[in-house]
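In my numbering, the protein residues as written are 41 to 805.
All C-beta atoms in this analysis are idealised placements derived from N, C-alpha and C, irrespective of residue type, glycine included.
Following: one structure in structure tokens, then a few remarks.
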């Protein structure tokens, strides 16, 4: 037979143009030609059907939609062959006979309904056979008989009508894993597994119909295995569970697993069907799939507390509340159960542990992955005294609660949740935390996150096990999908202490600079002056005085009290003795008694055509002179300083003046000023220049009326008697002398100067 296959192997290397018309050729040649023609029509070379390793020991032909075994494309030295997920329907003797060294054969997830009795006669070295999930109607005992070296046999999920194992299985002394059964097996009988009673397995798995209809006591007593898996539903016959547990009593298991125990409906009776768990010597109990409620879980846990179980897994359960559930209140219904591991994964209702909030029955491991938790309830961990590992992956947790305290926790998994904020403060109450898995969350790339990553990765306080691939920015939008490892915020953005220091220093610098500028430019003095102006304007508005539109005086003289003698004896005498005389305003004589000084200054400066400043060293040191100079400056804003007359009574160095006299300095440097000469001969020219600057002393009738009203106002306010015939009688004596008054004409009781222009007369009319 081997030469035939050699010849076929040579043929398939040629172009596939051979016509399939030869009748009477050996069946194997016909099959080979048909396969070759099929592959040729699809333009698929035979040597590309399977993925073969370089050493020709393994071949992967899974998922290729094969309806045949492509033996011609497989090396004879093959030891492992995967034909799963194809369309195989039958297994024949010739299919695997050339593969004499085959040890692993995977045929699961096909549609195999027939395995010939001699199908594996040439494969006596076979150790691992998988025919799971096919269409076999009976266990292929005859086909399996030559496989004395068989160690792993997976043949469940077929269309068997019975789970009875023949005596052939007693010869499989090397068998370690056995799974059998299917959805059509109605029940289990007492002698089904008698043939393997002397075989010690690592795992035994049995599957029955959705609702177990029959179970004979003693069925499982022949099983010797470390791990027992049941895919048995007891919805219709819940009383079978105590019988099953009784058969398992006093047996020792590393793992006892129930799948779909209550597949279609919840158990609502009050009878404790889990009481047999206490008699089973097991390390781990797994309840996988099915419908459970609070009462059922309480029954199981109350019984488990009297068993040596150390690990409990509740996986993919459809959990619901029990209408008749009675809460334990402040106490606990489970008082003596101590678990090393508790795994709750993919639970439909996160309140699965509501029946006992105290958690007195586990200490070293808790898995709450995929349980639809949307927050971490601190009540879950109030009584946990020795929890070391906590798994919360795949939930919907939106934030890490502050003050999460667990002094013994060493490993924490939070990956695949919905929180975006995390920082070192989130875990500051977990001093022993050394491993953290928190990737695949919608992180907000902030300074807290950056600081947390830096503290963890550089200082090694916490080992982030899934860093950096699973950490990406979700917010802000500009950084969407950016790796957190590439997020480097600025120093000022994150160091609040540095920001505070810079802010304080900057503020202090600005304040000091402003204070210095205020000192240099005398800002406080100007501020007070502006306030005086505003207050004076406001008082004038309140009193209805308004602002005079005509000049009442030819000039206002500003001088220091120390220069008053010179002003009265020289300046005032000369100007008021002129013919016609100048009407001069001085504070000693013409300020309104009882009125605010500032108001007097502003009002009289505004009512004077010219302002004469008698400059001396005493003037510079006079506060009121400073105000008068400032108000005169304010009056001249937007104009020239032609209304300001500077008279230097004594020489003054402009550079020696204070900074607040910047305008005065400018005027002294740019404006012509009059300097009082000590030589009497030169004084004649001084008076001529001054009178030239002041101009001719002409006033209109309106102005004289204003003078009269102001004089009468002064008389009424100060109770001083003024005689119109001698208007200078109001002037006080100065050093026992009286100032000579110029002659003046009378006109209807008003003071009028004799010389008037036509313009003034027109206004008078």
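Short CB-CB distance (under 9 Å) between residue i and chain C
i	result
residue 88	Reference to chain C is not applicable here, since this structure consists of a single protein chain.
Beta-carbon proximity list for residue i, same chain, < 7 Å, skipping 5 on both sides
i	result
residue 250	223, 273, 303
residue 506	455, 477, 479
residue 459	437, 438, 439, 440, 481
residue 292	321
residue 647	588, 591, 592, 593
residue 100	90, 91, 122
Residue i burial status per 10 Å Cβ neighbour count (16 or more: buried)
i	result
residue 346	exposed
residue 807	Absent from the structure is residue 807, since the part of the chain shown begins at 41 and ends at 805.
residue 299	buried
residue 335	buried
residue 225	buried
residue 178	exposed
residue 361	exposed
residue 259	buried
residue 603	buried
residue 766	Here residue 766 scores only 34 on pLDDT, less than 50, and its place in the model is too uncertain to base an answer on.
residue 746	Model confidence at residue 746 stands at a pLDDT of 48, short of 50, so the residue's coordinates are unreliable and nothing is read from them.
residue 520	exposed
residue 717	exposed
residue 557	exposed
Same chain, Cβ closer than 6 Å to residue i, neighbours up to 5 away in sequence not counted
i	result
residue 387	357, 359, 411
residue 319	289
residue 253	226, 227
residue 257	283
residue 504	476, 496
residue 668	598, 641
residue 96	115, 117
residue 623	593, 594
Selected residue, minimal CA-CA separation from residue i, among the options
i	options	result
residue 265	383, 219, 172, 528	219
residue 621	323, 735, 570, 662	735
residue 378	351, 529, 362	351
residue 436	457, 493, 597	457
residue 248	593, 202, 469, 173	202
residue 727	94, 707, 617	617
residue 306	312, 330, 445, 292	330
residue 426	545, 389, 380, 615	380
residue 244	192, 364, 332, 104	192
residue 614	205, 730, 206	730
residue 166	175, 155, 186	186
residue 344	333, 353, 355, 315	315
residue 198	190, 180, 643, 184	180
residue 239	571, 208, 269, 323	208
residue 109	189, 159, 341, 560	159
residue 212	195, 134, 184	184
residue 720	664, 610, 670	610
residue 232	241, 221, 242	221
Cβ shell of residue i (< 8 Å), same chain only, five flanking positions each side left out
i	result
residue 489	461, 462, 463, 483, 524, 527
residue 471	447
residue 54	Residue confidence is low: residue 54 scores 36 on pLDDT, short of 50, so the model does not pin down where it sits. No coordinate-derived value is stated.
residue 107	126, 127, 128, 129
residue 432	408, 409, 413, 416, 452, 453, 454, 457
residue 522	485, 512, 513
residue 823	With the chain covering 41 to 805 only, the question about residue 823 has no answer from this structure.
residue 469	443, 444, 445, 446, 447
Residue i, enclosing alpha helix (DSSP H) - first and last residue
i	result
residue 280	280-287
residue 659	657-660
residue 640	637-646
residue 729	720-734
residue 555	536-560
Enclosing beta strand (DSSP E) for residue i [first to last residue]
i	result
residue 431	429-431
residue 513	513-515
residue 243	241-247
residue 321	321-328
residue 309	That residue, residue 309, is in no beta strand (DSSP E); it is neither H nor E in DSSP.
residue 343	Here residue 343 belongs to no beta strand (DSSP E); instead the alpha helix (DSSP H) covers 334-344.
residue 594	593-598
residue 175	Counting along the chain, residue 175 falls outside any beta strand (DSSP E), and DSSP gives it neither H nor E.
residue 299	292-299
Is the segment 550-567 touching the segment 505-524 in the sense that three or more CB pairs, one from each, lie closer than 8 Å? no
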